Amino acid sequence: MSILLKSLTLLSLFFTCCLTQPSLFGNSRVTKTPLIAIYNGGDDTENRGGWELVSDNAGVSAMHMTIMPNTNKAIMFDAAGFGPSGISFPPGDCRPVFNERDENEDHYELDCWAHAVEFDIDTADIRPLKILTDTWSSCGGLSANGTLVQTGGWGDGGRSVRYLSGCKACDWEEHPMSLSASRWFSTQHILPNGDFIVIGGRRMFSYEYVPKVESSNQMYFLLPFLQETTDPVENNLYPFVFLSTDGNIFIFANNRSILLNPTTNKIIRELPVLDGGSRNYPSSGMAALLPIKLSVNDPNSNVIRAEILICGGADTRAGKLVEKGIFVTALQDCGRIDITNPKATWQKEMMPTPRTMGDMLILPTVDILMINGAKKGTSGWNFAEDPNSTPLLYKPDNPETQRFMELKATTIPRMYGSTSMVMPDGNILVAGSNTNYYYNFTGVKYPTELRVEKFYPPYFDPLLVFARPTIVSDYKGILVKYQSNFVIEFKLKKYKVNQLDLKVTMYAPPFTTHGFSMGQRLLVLGIKGLENVGLGLFQVEVVAPPTAKIAPPGFYLVFVVHNGIPSSGIWLQIA
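This is how it looks when you write it as structure tokens:
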């Protein structure tokens, strides 16, 4: 009987929601898929999400990805030296590139293929962007004014700083000699003053601060910790970097971590070792700063807790063994630690399956999503086997034995070079995967992947569509000050809402590459009051984060979450 009732309810929702709102699923690349069809075949008692193919060809394989504030655009790109992609520039709009394989000295050839695109997350339309220096394995982040600041790469791109604004016709602005050292496989993070720090890179045991536009760095800061944590396969690349709530920088490399004061450039302390294997590239575990919970009552009175979660990775020897054709099972454990507690130690948990090369994203609900990757091997070209196609939900506030839940699997392997990103409406854009040098679509086990999917977490269950809040407020062009009160007005098909059932979350979208989401941050704002101002219309008053140490200046997505179901987010700028 429960199955029959659910079927009738879903059928009703199909006609009242899905058929009357085709724009929810509109794109110009593939057939529109109603949400009811995405969830078809799910468990009768507990849904586990759903998948939608939104594009057959994004133009490029998305090794790097981010989204731009106040637009419906994602930026995807790989490397400028990867040869023909899936989209070309118009005739006459090519770039000269040095052909390293040509025997003649100083031989340049024309590259007419785009290696970056602007991807419309609503229609799947793409606009090619022109990269001049090589962005292979680079890093980036959104600045305080919403510009994408992107650094490093391979060869001529190693010292580059690139800028991309969100206007309709904007393209890359590049400064190829801005950094003092070549930053390949480095990590970038925004600081409380709005500047960026860039840490590490291949055989770069140092860090530096991104200079102002059209300026160049003359020096960098040595960081012996990075040299101490390297090994024969360099398992300390793309270090995990987070801004702690006390203003210090948490840096994790291989299996060790430190707190660095970016004002004095002194190491504050070293944290305990996370045993079990290597966690950074190429072993490629996942990491996130868990949601930061703020209070209305004097938020400056105590240290605000900051917890780090690190999951997966690989045996330290895996990178060497794979060269012999031995694919070692990836790590299955997680470590969790409070970095604001000097006496804290790593607390271990076990995932349902092993994972390397996965992404770790923070959902608007404060849950953690683990997605993409493989169960054996490490990062690299053809260095992994057994795709881990099943996303994993982690509920950090649940009892330890009730935190993990496996979700619906994809049918597309997302291996080395895959990326994912939380979208403003709360779904997940998933793209990329290329285990090959250059693009290769035939005759290989894992072809270069140009298809783009959306994953819909369980809160998109069609049975919950009427319980989803809708934000009415618009903060576009309004600057929210630290520690100020502001109001979010929202609609909900209820006569009454209990404040205890409500959360307002604020999410800093990351720059994602190689399994690490740089700059990702979610805050749970303190609620001062909730008022019913009309039929199904409510206003919730919240307190902005107290300082830039808690929330660096910039653009955030704000969500209203009612009983675990989030609204679509609105953009808000804080300074």
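Under mature numbering (1 follows the signal peptide of the UniProt record, and there is no 0), residues -20 to -1, 1 to 555 are what the sequence shown spells out, in order.
For each residue, glycine too, the CB sits at the ideal point set by N, CA and C.
Predicted, not measured: the structure shown is a model, and the values here were computed from it.
Quickly, what does DSSP pair residue i with across the bridge? List them, please.
| i | result |
| --- | --- |
| K313 | Reading off the sequence shown, one finds Asp at residue 313, where the question assumed Lys. Note: D313 sits in a beta bridge opposite M330. |
| C291 | M266, C314 |
| P108 | V97 |
| K434 | E32, L409 |
| G514 | L517 |
| V540 | V484 |
| G120 | Q130 |
| P367 | A354 |
| G474 | Checking the sequence, you will find Lys at residue 474 rather than Gly. Answer by DSSP bridge pairing: none, since K474 is not bridged. |
| L240 | I229, I247 |
| T167 | I179 |
| T399 | A411 |
| G509 | E521 |
| T113 | According to DSSP, T113 bridges with nothing at all. |
| T493 | H44, F496 |
Starting from the C-beta of residue i, find all residues in its chain whose C-beta is less than 6 Å away, skip the five residues before and the five after it, and write them out in chain order.
| i | result |
| --- | --- |
| I170 | G121, F176, G499, P532 |
| H44 | F57, T493 |
| S464 | A524 |
May I ask which residues mark the beginning and end of the alpha helix (DSSP H) holding residue i?
| i | result |
| --- | --- |
| G299 | 298 to 301 |
| F57 | Counting along the chain, F57 falls outside any alpha helix (DSSP H), though it belongs to the beta strand (DSSP E) covering 53 to 57. |
| L254 | Run containing L254: none; DSSP gives neither H nor E here. |
| F205 | 204 to 208 |
In whole angstroms, give me the CA-to-CA distance for residue i and residue j.
| i | j | result |
| --- | --- | --- |
| P442 | F470 | 20 Å |
| G22 | K388 | Low confidence applies to G22: its pLDDT is 49, below 50, so where it sits in the model is not reliable, and the reading given next is rough at best. Straight-line Cα distance between these residues: approximately 8 Å. |
| D454 | I550 | 7 Å |
| I231 | F205 | 10 Å |
| residue 597 | G338 | No answer is possible for residue 597: it lies beyond the span of the chain, which begins at -20 and ends at 555. |
| A298 | N260 | 12 Å |
| V129 | R163 | 14 Å |
| G285 | F62 | Checking the sequence, you will find Arg at residue 285 rather than Gly. Cα to Cα, R285 sits roughly 43 Å from F62. |
| E287 | W326 | 10 Å |
| Q198 | G423 | 47 Å |
| H542 | G406 | 14 Å |
| I458 | I101 | 24 Å |
| Y187 | Q168 | 10 Å |
Could you have a look at residue i and say whether DSSP puts it in helix, strand or coil?
| i | result |
| --- | --- |
| E198 | It is worth fixing the name first, because residue 198 is Gln in this sequence and not Glu. Of the three classes helix, strand and coil, the one that applies to Q198 here is coil, per DSSP. |
| A60 | coil |
| V424 | coil |
| A447 | helix |
| Y189 | strand |
| G135 | helix |
| I342 | strand |
| Y462 | coil |
| Y417 | coil |
| N69 | Reading off the sequence, residue 69 comes out as Phe, not Asn. Reduced to three states, the DSSP call for F69 is coil. |
| I530 | coil |
| K304 | helix |
| I272 | strand |
| I392 | coil |
| P546 | strand |
| M337 | coil |
Does any heavy atom of the ligand NAP sit closer than 7 Å to the C-beta of residue i?
| i | result |
| --- | --- |
| K53 | Only the bare structure without any ligand can be found here, which leaves the ligand NAP out of the picture. |
Using a Cβ-Cβ cutoff of less than 8 Å, which residues in the same chain neighbour residue i once the five nearest sequence positions on both sides are dropped?
| i | result |
| --- | --- |
| R28 | G22, M385, E386, L387, K388, P438 |
| F544 | A small correction: the amino acid at residue 544 is Gly; Phe does not occupy that position in the sequence shown. Within the same chain, G544 has close Cβ partners T345, Y439. |
| F446 | K473 |
| V540 | P449, I451, I468, F470, L482, K483, V484, V520, P546, S547 |
| N50 | G126, G146, K456, F535, W551 |
| G516 | K471, L472, K473, K474, Y475 |
| K461 | A524, I554, A555 |
Over what stretch of residues does the beta strand (DSSP E) that includes residue i continue unbroken?
| i | result |
| --- | --- |
| Q382 | Run containing Q382: none; DSSP gives neither H nor E here. |
| Y88 | 88 to 91 |
| A354 | 354 to 357 |
| Y143 | 141 to 144 |
| Q553 | 550 to 554 |
| T46 | 44 to 47 |
| E153 | 153 to 155 |
| F222 | 220 to 223 |
| V283 | V283 -> no beta strand (DSSP E), and no H or E assigned at all. |
| L372 | 372 to 374 |
| R259 | Where R259 is concerned, there is no enclosing beta strand (DSSP E), given that its DSSP letter is neither H nor E. |
Residues in the same chain with beta-carbon distance under 7 Å from residue i, minus the five sequence neighbours each way, listed in chain order, please.
| i | result |
| --- | --- |
| S258 | N215, N234, N235, G293, A294, T296 |
| M157 | R139, S196 |
Is the Cβ of residue i closer than 8 Å to any Cβ of chain C?
| i | result |
| --- | --- |
| M486 | Structure shown: chain C not included; a single protein chain is present. |
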